[in-house]
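Peer 1: Heads up: the sequence shown at position 303 corresponds to 302 in numbering that gives the first Met the number 0, and the numbers run straight through without jumps.
Beta carbons are placed, not taken as given, at the ideal position from N, Cα and C, and that holds for glycine.
Only a predicted model underlies this, so the values are computations on that prediction, with no experimental measurement involved.
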Amino acid sequence: MTNRRIESALISVFYKDGIDELAKYLHDSGVTIFSTGGTQKHLESLGIKVIPVESVTSYPSILGGRVKTLHPGIFGGILNRADNESDQAELKEHHIQNIDLVWVDLYPFSETVAKTNDESEIIEKIDIGGVSLIRAAAKNFNDKVIISDKHQINGVYAELKKNNLSTNVEFRKRLAGEAFLTTKKYDTEISHYFTNVSTVLRYGENPHQQARFDGNLNEVFTQLNGKEISYNNLLDIDAALSLINDVRPDDQHVFAILKHNNACGFAIRDSIKEAYESALAADPVSAFGGILATHSNIDLATAELMNDLFFEVLLAPSFDQDALQLLSSKKNRIILQTGDYFFPSENVRSALNGVLVQDRDSAVNAITDFNIVSKIPPTASQLQDLFFANVLVKHTKSNAIILAKNNQLLASGTGQTSRVDALQQAIAKARHFGFDLNGAVMASDAFFPFPDCVEIADKAGVTAVIHPGGSIKDQLSVDYCNDHGMAMVMTGMRHFKH
């Protein structure tokens, strides 16, 4: 028998809003209700008869409320198994009352951390009894119902009304799973506080959203100047470091400029000054308010050029003292000295009522791995540009197209619903900033289902193309290249980025 009817309930919640209707329904249906402290007073104010937990445990709430429910008289009532004769005999022997429903939420720990630095106040918001009650009822889902979050109240109320206070094991198990997610999240918030790796940010992506960063930023960089780092800054910083981490040429310098997680400037040159100038030239308009990143030392000559640009963040492993002094003259400009940072092996993001976890896209397609599919092979300089463009397109929002030449980003088409739109966006942008596309290369983050993009690129001056391949119509694009003197390589690896 998997159905269980609720005849008794323990209600002890911090947030009293939204509990009245279900509590009254339980009371009116003859359910015995046990409660504590403020919840007991609230329920009694509604005319609901309540049995105080103290009368069950024969102990008052002690230590300023720290100990109320931690007692065999309560946990025996929750953890007993209905179909276990020994359990039921022990309940009778020790005069323990059964509890069918546990309705508990947790003290607002993260909210307290966000509003105060008073450690004693924060510590008092670490819930002990609540977590224990939730875990006990969730463990015993075969017999017990657990409400661990106020967002579950309406769903439980509807289920109980529909089934005359009864629930099936599938419903109880789902609630148990949600309960363990609740305690996991709560314990994670507490551990982050104690290990000093949770930073409350000014706000989230927009000012009306609260935000925090869970992680130790001191392991990634040292802030040398500037205002507090924002949520959006951190997203751009992650994107910038991910990009330059994939390109580390010997005896040359890489410079990247990003805006909204996409590169608007990127170049490899023989000096850091030249790399910055070439990166900026790709889109000096978007560079305004952007993120600047390199893994080379910043000298005074480069700093003098940078100082003319308004930018949010500069990331570099080292600075000449006179360069740092100049760049620090603007107090809000964020200057970060990067260390030996590393990236997690997995990407995690929320989705629906859970999280998505995937391996990090750490693959870099080397030139030696390219599959040349056209009759005309790429030249040595084209191969380098194809590698350069392919790294960039991997770090650009899909659908993405990159146009590049001589180790310089000429333009990108980013985040378009059509690959043709992305290409046309890139061509228009390159022409707007005065770039000659003759001899340029094109990179696509995914295959070409039709030869239309290759044709458009050819007519704009592009002479070599790189893409993953994998379309059933790949040969159409290859044929176009062969018929028009273009080179094409395939990597066999798609790099979508959403």
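Verify whether the separation of the beta carbon atoms of Lys161 and Ile333 is less than 9 Å.
Peer 2: no
Peer 1: Rank His497, Asp27, Thr56 by C-alpha distance to the C-alpha of Gly46 and give the top, closest one.
Peer 2: Asp27
Peer 1: For Asp148, does the three-state DSSP call read helix, strand or coil?
Peer 2: coil
Peer 1: Which stretch, first to last residue, makes up the beta strand (DSSP E) that contains Lys258?
Peer 2: 252 to 258
Peer 1: Is Ala399 helix, strand or coil by DSSP?
Peer 2: If DSSP states are grouped into helix, strand and coil, Ala399 belongs with coil.
Peer 1: In whole angstroms, what is the alpha-carbon distance linking Phe449 and Asp473?
Peer 2: Cα atoms of Phe449 and Asp473: separation of roughly 8 Å, rounded to the nearest angstrom.
Peer 1: Among Tyr156, Val12, Ala463, Phe74, whose alpha-carbon lies nearest the alpha-carbon of Ser131?
Peer 2: Phe74
Peer 1: Which word fits Leu304, buried or exposed, when buried means at least 16 other C-beta atoms lie within 10 angstroms of its C-beta?
Peer 2: exposed
Peer 1: May I ask you to report which of helix, strand or coil DSSP gives His466?
Peer 2: strand
Peer 1: Under DSSP, the beta strand (DSSP E) around Arg268 begins and ends at which residues?
Peer 2: 261 to 268
Peer 1: Which runs of the alpha helix (DSSP H) at least 4 residues long sit entirely within the region 186 to 244? Give them in chain order.
Peer 2: 230 to 244
Peer 1: Which same chain residues, not among the five before or five after Ala429, have their C-beta less than 7 Å away from its C-beta?
Peer 2: Leu402, Leu409, Ala410, Leu436, listed in sequence order.
Peer 1: Using a 10 Å radius around the Cβ and a threshold of 16 neighbouring Cβ atoms, would you call Gly433 buried or exposed?
Peer 2: It is exposed - the Cβ of Gly433 has fewer than 16 other Cβ atoms within 10 Å.
Peer 1: Residues bridged to Val453 by DSSP?
Peer 2: Looking at the DSSP output, Val453 shares a beta bridge with no other residue.
Peer 1: Does DSSP put Leu313 in a helix, a strand or coil?
Peer 2: Residue state, collapsed to three classes: strand.
Peer 1: So, do the region 360 to 368 and the region 252 to 272 have three or more beta carbon pairs nearer to each other than 8 Å?
Peer 2: no
Peer 1: With 16 other CB atoms within 10 Å as the buried threshold, where does Gln324 fall?
Peer 2: exposed
Peer 1: Taking the DSSP output, what are the residues bridged to Glu345?
Peer 2: Asp358
Peer 1: Would you mind stating whether Lys258 and Ala300 have Cβ atoms separated by less than 9 Å?
Peer 2: no
Peer 1: Give a yes or no on contact between the region 393 to 400 and the region 235 to 255, applying the rule of three or more CB pairs nearer than 8 Å.
Peer 2: yes
Peer 1: Lys48: buried (16+ other C-beta within 10 angstroms of its C-beta) or exposed?
Peer 2: exposed
Peer 1: Quick check: the region 208 to 226 against the region 327 to 342, are there 3 or more CB pairs under 8 Å?
Peer 2: In this structure the region 208 to 226 touches the region 327 to 342; the number of beta carbon pairs closer than 8 Å is three or more.
Peer 1: Can you tell me whether DSSP reads Thr1 as helix, strand or coil?
Peer 2: coil
Peer 1: Quick one: residues in its chain with C-beta nearer than 6 Å to the C-beta of Ala81, no 5 flanking neighbours on either side, listed in chain order?
Peer 2: Asp142
Peer 1: Name the one or two DSSP bridge partners that Val101 has.
Peer 2: Leu9, Ile145
Peer 1: Which of helix, strand or coil does DSSP assign to Thr181?
Peer 2: helix
Peer 1: Looking at Glu6 and the ligand SAH, is the gap between the Cβ and the nearest heavy atom below 8 Å?
Peer 2: Of the ligands one can find in the structure shown there are none, so the ligand SAH has no counterpart to examine.
Peer 1: By the 10 Å Cβ neighbour count, where 16 or more other Cβ atoms means buried, how is Leu355 classified, buried or exposed?
Peer 2: Residue environment: Leu355 is assigned as exposed (fewer than 16 neighbouring CB atoms within 10 Å of its CB, all protein chains considered).
Peer 1: Could you tell me how far apart the beta carbons of Gly438 and Gly460 are, in whole angstroms, since I believe they sit closer than 8 Å?
Peer 2: 7 Å
Peer 1: Provide the residue span of the beta strand (DSSP E) that contains Phe386, from first to last.
Peer 2: Element bounds for Phe386: not the beta strand (DSSP E) but the alpha helix (DSSP H), 379 to 393.
Peer 1: Going by DSSP, what residue range makes up the beta strand (DSSP E) through Ile73?
Peer 2: Unbroken run through Ile73 is the alpha helix (DSSP H), 71 to 78; no beta strand (DSSP E).
Peer 1: Could you tell me whether the Cβ atoms of Leu326 and Ala292 are closer together than 9 Å?
Peer 2: It is not a contact, given that the beta carbons lie outside the stated cut-off.
Peer 1: Need the endpoints of the alpha helix (DSSP H) that Thr301 sits in, please.
Peer 2: 299 to 305
Peer 1: If you drop the 5 nearest sequence neighbours on each side, which residues of the same chain put their C-beta closer than 6 Å to that of Phe310?
Peer 2: Within the same chain, Cβ atoms closer than 6 Å to the Cβ of Phe310 are found at Gly289, Leu291, the five residues on either side in sequence being excluded.
Peer 1: Assuming Leu234 and Asn260 are in contact, meaning their beta carbons sit under 8 Å apart, how far apart are those beta carbons, in whole angstroms?
Peer 2: 6 Å
Peer 1: Where Pro71 and Ile95 are concerned, what is the direct C-alpha to C-alpha distance, given to the nearest angstrom?
Peer 2: Distance between the alpha carbons of Pro71 and Ile95: 8 Å.
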